[in-house]
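Take a look at the structure set out below.
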Amino acid sequence: MKRLFASGAALVASLAAGAPAFADCFAIPGTAGAQPTVIQGFNVREAAARPGPLQLPPLPEGTGAILCDRESVVPDRNDFKVLLAGLPLMIRAGTPEDPTVVSMGIQDGDYAIGVMMGSLTDEERQGIISTVEGFDDSIDEMERWMEENPQ
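Going left to right, the sequence shown walks through residues -23 to -1, 1 to 128 as mature numbering (1 follows the signal peptide of the UniProt record, and there is no 0) numbers them.
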């Protein structure tokens, strides 16, 4: 897949209207005005590090994305698993007063990356590009694992 690096000015309305306190991960509703829900006991980083496809926990009906708080907006090498599960992934870092939020998804077969709040440093931008460039290799690794470990 190709990369598409875009910059956005708006974040999901439910976040812009009153961002929840920082926690591990949230289910972001697909409809404006609905509030995000903390996904109790679930951490994308830990779940995606396991072999095979990502096993999502039960999510509220109408979930349109997953938002995870991290120390950096640079995605992990296995974050593609959220995208393959059919949901965009938003990564939020910084402080509650000055957050940076990056959104990742798949659009028309390409990776779509958007800066929804804040701004990126050159180092963060390079880290995002490098990680996303490795997604296809990671997908190949996961597919090989799945062939060797049929369910």
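Glycine included, each C-beta is placed from N, C-alpha and C at the ideal position.
Because the structure is a prediction, the values reported are computed rather than measured.
Q. Going by DSSP, which residues form a beta bridge with F3?
A. In the sequence shown, residue 3 corresponds to position 26, counting from 1. According to DSSP, which records beta bridges pairwise, F3 is partnered with V15 and L44.
Q: From the DSSP output, read off the bridge partner residues of Q32.
A: Translated into positions along the sequence shown, residue 32 becomes position 55. Paired residues: none, contrary to the question.
Q) Grouping DSSP H, G and I as helix and E and B as strand, with all else coil, what is S80? A) Here residue 80 is taken as the residue at index 103 of the sequence shown, counted from 1. Taken through DSSP and simplified to helix, strand or coil, S80 comes out as strand.
Q: Could you pull out every residue in the same chain whose Cβ sits closer than 8 Å to the Cβ of G104, ignoring the five residues on either side in sequence?
A: To locate residue 104, count along the sequence shown from 1; it is residue 127. Excluding positions up to five away in sequence, the list reads S49 and V51.
Q) For G104, which three-state DSSP category applies? A) As a first step, residue 104 must be located in the sequence shown, where it is residue number 127. In the three-state scheme derived from DSSP, where H, G and I count as helix and E and B as strand, G104 is classed as helix.
Q) Taking M93 as the reference, which of Q84, I116, V78 and E38 has the closest Cα? A) Here residue 93 refers to the residue found at position 116 of the sequence shown. Closest by alpha carbon: V78.
Q. Between R22 and T108, which are expected to be in contact by the criterion C-beta below 8 Å, what is the C-beta distance as a whole number of angstroms?
A. Stepping through the sequence shown from its first residue, residue 22 is reached at position 45. Stepping through the sequence shown from its first residue, residue 108 is reached at position 131. The distance from the Cβ of R22 to that of T108 is about 13 Å, inconsistent with a contact at the 8 Å cut-off.
Q) Looking at the structure shown, is V92 part of a helix, part of a strand, or coil, going by DSSP? A) Within the sequence shown, the letter at position 115 stands for residue 92. If DSSP states are grouped into helix, strand and coil, V92 belongs with the strands.
**Q.** Local conformation of A62 per DSSP, three classes
**A.** Indexing the sequence shown from 1 puts residue 62 at position 85. Coil.
Q. Starting from R27 and walking both ways along the alpha helix (DSSP H), at which residues does that stretch end?
A. Walking along the sequence shown from the start, residue 27 turns up at place 50. In the DSSP annotation of this structure, R27 is not part of any alpha helix (DSSP H), being labelled neither H nor E.
Q) Grouping DSSP H, G and I as helix and E and B as strand, with all else coil, what is N55? A) The residue you call residue 55 lines up with position 78 of the sequence shown. Reduced to three states, the DSSP call for N55 is coil.
**Q.** Per DSSP, the bridge partner or partners of G111
**A.** Locating residue 111 in the sequence shown gives position 134, where the first residue counts as 1. DSSP output for G111 lists no bridge partner at all.
**Q.** V59, buried or exposed, once every other Cβ within 10 Å from all chains shown has been counted against 16
**A.** Taking the first residue of the sequence shown as position 1, residue 59 is located at position 82. With 16 or more other Cβ atoms inside 10 Å of its own Cβ, V59 counts as buried.
Q: Note down the Cα distance separating Q17 from T72, rounded to an integer number of angstroms.
A: Within the sequence shown, numbered from 1, the residue matching residue 17 stands at position 40. Within the sequence shown, numbered from 1, the residue matching residue 72 stands at position 95. Taking the straight line from one Cα to the other gives about 21 Å.
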